[in-house]
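Heads up, the sequence shown is in UniProt numbering, so the first residue is 1 and it goes up one at a time.
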Amino acid sequence: MKAAVFYGPGIPITVEDVDIRPPGPGEVLVKIHYSGICHSDYRVLTGDWEYPMPKVLGHEGAGTIEKIGANVTDLKVGDHVILSWIPSCKKCYHCVSGRPNLCESYKTKIESHISLNGKPVYPEFRVGSFAEYAVVPESGAIKIRDDMPLDKACLIGCSVMTGVGSVINTAKVEPGSSVLVVGCGGVGLSIVQGAALTSAGKIIVADLNEDKLEKAIEFGATHAIHSGRHDLLTEVMRITDNVGVDYAFEAIGHVKTIELAYETIRTGGTAVIVGQAASGQTVSIDPFEMSDREKKLIGCNYGSARPEIDFSRLVDLYMMRKLDVDSMISHVISLGDINEAFERMGKGEGLRTIIKIV
Ligand SMILES: NC(=O)c1ccc[n+]([C@@H]2O[C@H](COP(=O)([O-])OP(=O)(O)OC[C@H]3O[C@@H](n4cnc5c(N)ncnc54)[C@H](O)[C@@H]3O)[C@@H](O)[C@H]2O)c1
Ligand SMILES: [Zn+2]
Ligand SMILES: [Zn+2]
């Protein structure tokens with residue numbers, strides 16, 4: 001099969017013919033139709049996170065089941081699926097207590113179903129969707145309704161799930177709450193949509209890119225701040241009558257913007273770290289102020305997803321036109337154009353780029 005192979009930071013990705021093994025017990029072979037490009041792929045690309053190489057990047061994919069391995073009971077050939085980058089074992093403490101996105105059974109395993117000249121090529125986050133096929137555990141392919149277009153479905157596999165989920169599942173934002181979203185990429189715009197879905201009150205957005213701010217307004221933001229031209233904290237305080245926001249979501253993964261998001265919340269408010277920083281960084285907060293004002297700083301992984309429930313819910317919301325995935329897509333490319341797409345992402349240009357694989 002064809003796959004975009006990444007050899008390491010600084011080396012352009014090349015499309016190559018690689019080998020893929022058949023699905024083993026409990027696994028399925030997925031034919032990937034579309035894959036989105038997420039900033040987490042960019043983190044791997046730039047070496048912010050270290051992994052064994054070479055690699056097939058991509059974790060925001062959708063496609064159809066091509067083949068099932070032994071003992072697979074819940075999926076059949078032809079099913080439409082969204083790939084989940086956190087397969088779940090259904091047995092551990094986290095899975096049993098209803099938090100499958102925290103399952104660690106697959107997280108620590110370094111596995112490869114792909115090889116090139118007899119040497120392993122590692123799929124990113126147990127998916128590796130910048131390729132024609134992927135072999136994944138059964139719980140890593142979530143069946144969705146057949147009438148959901150797969151070019152939109154792929155984005156539910158990461159940015160939409162993470163962003164909407166951070167509002168609904170992680171923070172559980174109440175109607176009328178004021179919300180700040182720092183960073184309006186695929187994840188940030190999905191946070192804005194999640195906030196609009198929960199009938200949040202003021203939805204304030206910040207970005208360095210004018211186009212992203214305009215898009216955020218279309219998705220339901222009520223106030224936009226160009227944080228390169230204006231001081232974010234001053235502006236948020238002005239908009240909230242010096243109270244601060246109930247919830248601040250950071251969707252960039254920078255130390256400074258995480259600290260800033262935390263500063264903008266009101267007494268008793270919650271700041272949510274959705275953006276994922278490069279490994280080994282630390283943020284500083286004032287612990288006295290934190291206890292005194294009961295401020296909360298919480299993390300969010302994959303929008304606290306329960307993929308088996310949440311993917312279908314998001315698909316239904318899309319089909320009911322309550323969730324706009326179409327407007328999140330700015331570029332549709334082929335596998336060979338992947339390097340240019342990452343260059344655009346590095347400059348903060350464009351919204352989601354999706355790769356048409358089939
Ligand atoms: N928590 C999770 O499970 C999870 C899942 C997916 C992605 N992520 C992370 O979320 C973050 C965002 O991902 P994405 O795919 O939306 O990225 P993206 O590249 O699409 O968007 C990032 C946005 O941040 C803006 N930006 C950059 N620096 C800024 C600054 N200093 N101030 C204001 N805006 C700034 C850019 O203009 C861009 O609009 C990344 O860190 C990614 O790794 C986390
Ligand atoms: Zn992602
Ligand atoms: Zn588990």
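Note that beta-carbon positions come from the ideal geometry of N, C-alpha and C, so glycine has one too.
Please list the terminal residues of the continuous alpha helix (DSSP H) segment that includes residue i.
{"i": "proline 307", "result": "307-319"}
{"i": "residue 362", "result": "The chain is shown from 1 up to 358; residue 362 falls before or after that span and cannot be answered."}
{"i": "isoleucine 82", "result": "Segment 80-83 is the beta strand (DSSP E) holding isoleucine 82; no alpha helix (DSSP H) there."}
{"i": "valine 173", "result": "Premise fails: valine 173 is in no alpha helix (DSSP H) and is neither H nor E."}
{"i": "aspartate 151", "result": "150-156"}
{"i": "glutamate 340", "result": "338-346"}
{"i": "arginine 238", "result": "232-239"}
{"i": "residue 415", "result": "The requested residue 415 does not occur in the structure, where the chain is confined to residues 1 to 358."}
{"i": "leucine 189", "result": "186-197"}
{"i": "valine 243", "result": "Per DSSP, valine 243 belongs to no alpha helix (DSSP H) and is neither H nor E."}
{"i": "valine 164", "result": "159-165"}
Less than 8 Å between the C-beta atoms of residue i and residue j, yes or no?
{"i": "isoleucine 357", "j": "valine 332", "result": "no"}
{"i": "methionine 161", "j": "aspartate 310", "result": "yes"}
{"i": "arginine 266", "j": "aspartate 241", "result": "no"}
{"i": "isoleucine 303", "j": "valine 181", "result": "A small fix is needed here, since residue 303 is glycine in this sequence, not isoleucine. Cβ atoms of glycine 303 and valine 181: not closer than 8 Å."}
{"i": "glutamate 124", "j": "valine 18", "result": "no"}
{"i": "glycine 157", "j": "leucine 208", "result": "no"}
{"i": "valine 81", "j": "valine 30", "result": "yes"}
{"i": "glycine 26", "j": "proline 137", "result": "yes"}
{"i": "serine 115", "j": "proline 100", "result": "no"}
{"i": "leucine 213", "j": "leucine 232", "result": "no"}
{"i": "lysine 90", "j": "serine 166", "result": "no"}
{"i": "glutamate 250", "j": "glycine 275", "result": "yes"}
{"i": "methionine 28", "j": "lysine 152", "result": "In the sequence on display, residue 28 carries valine and not methionine. Cβ distance not < 8 Å, so valine 28 and lysine 152 don't count as in contact."}
{"i": "isoleucine 20", "j": "valine 135", "result": "yes"}
{"i": "aspartate 211", "j": "lysine 143", "result": "no"}
{"i": "alanine 341", "j": "arginine 43", "result": "no"}
{"i": "alanine 196", "j": "serine 177", "result": "no"}
{"i": "glycine 63", "j": "histidine 33", "result": "yes"}
{"i": "isoleucine 217", "j": "alanine 141", "result": "no"}
{"i": "threonine 170", "j": "lysine 202", "result": "no"}
{"i": "alanine 131", "j": "methionine 1", "result": "yes"}
{"i": "glycine 186", "j": "isoleucine 168", "result": "no"}
{"i": "glutamate 60", "j": "leucine 150", "result": "no"}
{"i": "tyrosine 262", "j": "leucine 297", "result": "yes"}
Can you name the residues that DSSP bridges to residue i?
{"i": "serine 35", "result": "Gly61, Ile355"}
{"i": "glutamate 16", "result": "Ala3"}
{"i": "aspartate 207", "result": "His226"}
{"i": "phenylalanine 249", "result": "Val181, Val272"}
{"i": "isoleucine 68", "result": "Val28"}
{"i": "proline 56", "result": "With the sequence shown as reference, residue 56 is identified as valine, and proline is not the correct amino acid for it. Bridge partners of valine 56: Val5, Pro123."}
If residue i sits next to residue j, beta carbons under 8 Å apart, how far is it from one beta carbon to the other, in whole angstroms?
{"i": "arginine 352", "j": "glycine 58", "result": "With 8 Å as the limit, arginine 352 and glycine 58 do not qualify as a contact, their Cβ atoms being about 13 Å apart."}
{"i": "glycine 299", "j": "isoleucine 273", "result": "5 Å"}
{"i": "isoleucine 204", "j": "isoleucine 225", "result": "7 Å"}
{"i": "proline 52", "j": "tyrosine 122", "result": "5 Å"}
{"i": "glycine 183", "j": "isoleucine 252", "result": "4 Å"}
In the DSSP assignment, find the unbroken beta strand (DSSP E) run with residue i in it and report its ends.
{"i": "threonine 257", "result": "Unbroken run through threonine 257 is the alpha helix (DSSP H), 255-263; no beta strand (DSSP E)."}
{"i": "serine 330", "result": "329-333"}
{"i": "isoleucine 298", "result": "296-299"}
If you measure from the CB of residue i, is any heavy atom of ligand 4 nearer than 7 Å?
{"i": "serine 129", "result": "Ligand 4 is absent from the structure shown, which contains only ligand 1, ligand 2 and ligand 3."}
Please give me, in chain order, every unbroken run of the beta strand (DSSP E) with length at least 3 that falls completely inside the segment 87-144.
114-116, 119-123, 133-137, 141-143
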